[in-house]
């Protein structure tokens, strides 16, 4: 029950951050929405900052790192596209599960940017994830070159950044099942079209 309550608090905080932003969400606001006392809240999280870090660990760091942990030395571009798209799918589904019509993908980008700009621990963790993402793209591109799938006369580092820069068309779109399916298909197709340009 204790672990379940902690998860409930984290999920509710995630929803509130998406709707109102971190700064507008107070401990009192969360207590009221969850119908719990201050003592219960502080039993699980000693500060507002600690709760925010828990939210970003669960809904960003764990999702991305969990996906990237599936990368191996034999992972090619096509393999990584599937892994990468699935990371975004997990994030998108976590928002859709909230079933709140006011939540868009830009809300998620907003709290991610806030975390990077205002929390030293999260800024370091997010930077580490970005470096990890870049390194796996570089490795996958090099593996695809070794396998003879794509041209070798390319700047691997630049192409890796190009794959990373493909963001799809999420933006202001709603985080509902229909929209998610469409946007993820477009996101994957965009990566595959870039891959096709590199083929021999």
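Numbering (our numbering), first residue to last: 1434 to 1633. Cβ coordinates follow ideal geometry from the N, Cα and C atoms, glycine included. It should be emphasised that the depicted structure is a prediction, and the values quoted were computed from it without experimental measurement.
Check	Outcome
C-beta contact flag for residue 1601 and residue 1616 at 9 angstroms	yes
Alpha carbon of residue 1545 to alpha carbon of residue 1584, nearest angstrom	35 angstroms
Three or more C-beta pairs below 8 angstroms linking the segment 1455-1475 and the segment 1518-1534	no
Rounded C-alpha distance that separates residue 1493 from residue 1541	10 angstroms
Uninterrupted alpha helix (DSSP H) stretches inside the segment 1500-1530 (no shorter than 4 residues)	1510-1529
Collapsed DSSP secondary structure at residue 1574 in the structure displayed	helix
Stretch pair the segment 1523-1541 + the segment 1469-1481: three plus CB contacts closer than 8 angstroms	no
Exposure of residue 1624, with buried meaning 16 or more beta-carbon neighbours within 10 Å	buried
One or two residues paired with residue 1607 in a DSSP bridge	1537
At least 3 beta-carbon pairs within less than 8 angstroms: the segment 1473-1480 vs the segment 1554-1571	no
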